[in-house]
Amino acid sequence: ACLPLLAALALSACGSEPGVEAKNESVESVAGKVAASGMNPRPGRWQATLKIDSMEMAGMPAAAKQAMNKSLGSAQNYFTCLTPEQANQPNAEFFQKTAKNCKYDRFAMADGKIDAAMTCDAGGSATKMTMLGSYSGDVYDLKVTSQGEMQKGMPMTMAMSITSRRVGECDGTEN
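For the sequence shown, the working numbering assigns the number 187 to the initial residue and increments by one for each residue that follows.
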């Protein structure tokens, strides 16, 4: 559920462009504001690196926790292709693949900074996410935290780092 969030913030813009601010708005509404602002992502091939910095889950067996801790800090890389059409008209799915059950508590993007909080309803269980970071024309860096339940009665907190950069033109091998 967190990986689609990467696309949400793969926006390239200059600090001189207008910013976007929203409170208690749907992901669709925020997507529309970003599209209208002219802060469109730059089309092309984007490489994203995701690193889980920490993960805590109540009631996790010791062996599972040990196995999970071994994977912390290892980076996952993937590539996406953003077409000019997608870049000029980002929709809600561009911002969050499971957007229909999410809303931004707050969203601010301006002057090279991103500060957002989102709440998603996953079948009666709320997941809260925060995103803080910076962006430029071809690179962004984010820290994302997520708090929710893995299963009913099993709270989970996760922190991750995301870096993405435009690395050229699409070549057809992207995910």
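Built from N, CA and C at the ideal position, the CB exists for glycine as well.
Drop a sphere of 10 angstroms on the beta-carbon of residue 274, count the other beta-carbons inside from all chains shown, and report buried for 16 or more, exposed for fewer. By the neighbour-count rule (16 or more Cβ atoms within 10 Å), residue 274 is not buried but exposed.
Please go through the same chain and pick out, in chain order, the residues whose beta-carbon is closer than 6 angstroms to the beta-carbon of residue 345, but skip the five residues on each side of it. Only 239, 240 and 331 meet the Cβ criterion.
Candidates 352, 307, 260 and 316: which alpha carbon is nearest residue 326's? Just measuring C-alpha positions, the residue of 352, 307, 260 and 316 sitting nearest residue 326 is 352.
Within 10 angstroms of the Cβ of residue 319, are there 16 or more other Cβ atoms? Answer buried if so, exposed if not. The residue is buried, with at least 16 neighbouring Cβ atoms inside 10 Å.
Is the stretch 287–299 touching the stretch 212–224 in the sense that three or more CB pairs, one from each, lie closer than 8 angstroms? With the cut-off at 8 angstroms, the stretch 212–224 and the stretch 287–299 touch.
Spatial distance of residue 304 from residue 333 (CA atoms): 11 angstroms
Same chain, Cβ closer than 6 angstroms to residue 335, five either side skipped, listed in chain order: 311 and 341
Selected residue, minimal CA-CA separation from residue 204, among 329, 211, 299 and 257: Checking every option, the nearest Cα to that of residue 204 belongs to 299.
Contacting residues, own chain, Cβ-Cβ under 6 angstroms from residue 316 (five flanking each side not counted): So the qualifying residues of the chain are 303 and 331.
To the nearest angstrom, report how far apart residue 268 and residue 217 are at their CA atoms. One C-alpha to the other measures close to 15 angstroms.
For residue 230, count neighbouring Cβ atoms within 10 angstroms of its own Cβ and tell me buried if that reaches 16, exposed if not. Buried, since its Cβ has 16 or more Cβ neighbours within 10 Å.
Residue 196 versus residue 253: straight-line alpha-carbon distance, rounded: Low confidence applies here, because residue 196 scores a pLDDT of 42, under 50, leaving its location unreliable and the question unanswered by this model.
DSSP three-state label for residue 319, please. strand
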